[in-house]
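Worksheet: one structure, shown below.
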Amino acid sequence: QVQLVESGGGLVQPGGSLRLSCLASGSIFRLNAMGWYRQNPGKQRELVAAVASGGSTNYADSVKGRFTISRDNAKNMVYLQMNSLKPEDTAVYYCNLEQYRLNYWGKGTLVTVSS
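Heads up, the sequence shown is in our numbering, so the first residue is 69 and it goes up one at a time.
And the structure:
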């Protein structure tokens, strides 16, 4: 089993920054992908950014140039640095780990961008 615990969400003003962290524990294999998704009520969960164990990254067009995903394989951590936040970035952000075609999710952390 895999457990994912997110931290770092909160309230921030437009133009501000936040850093989300996710700690993975349990049966973590060397080859996997970790990422961040977000979801608002009544909408589908969408990919924000993902990073493979080798370091390759993938971003949603809406966050390119503003968000940066990174990971620390030794600590089983993944981070999302969010800069120049906009009100439309408001959502519950979920940490994801995919390995051997299985997906694991954290419980989510709320990010609210508002003045």
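Don't be surprised by glycine CBs; every beta carbon is placed ideally from N, CA and C.
Source: prediction; values computed, not measured.
Cβ-Cβ distance between residue i and residue j below 8 Å
i, j, result
"residue 177", "residue 93", "no"
"residue 117", "residue 128", "yes"
"residue 86", "residue 153", "yes"
"residue 103", "residue 161", "no"
"residue 157", "residue 150", "yes"
"residue 174", "residue 72", "yes"
"residue 109", "residue 155", "no"
Bridge partners - residue i, DSSP secondary structure assignment
i, result
"residue 74", "90"
"residue 149", "87, 136"
"residue 166", "101, 171"
"residue 114", "106"
"residue 126", "118"
"residue 80", "181"
"residue 131", "Answer is none; residue 131 lacks a bridge partner."
Segment limits, beta strand (DSSP E) that includes residue i
i, result
"residue 140", "135-140"
"residue 101", "101-107"
"residue 179", "177-181"
Chain D within 8 Å of residue i, Cβ atoms only
i, result
"residue 167", "Of the protein chains in this structure there is only one, and it is not chain D."
_Inter-stretch contact (C-beta, 8 Å, three-pair minimum) for the region 106-114 and the region 76-90_ = The region 106-114, when compared against the region 76-90, does not touch it at the 8 Å Cβ threshold.
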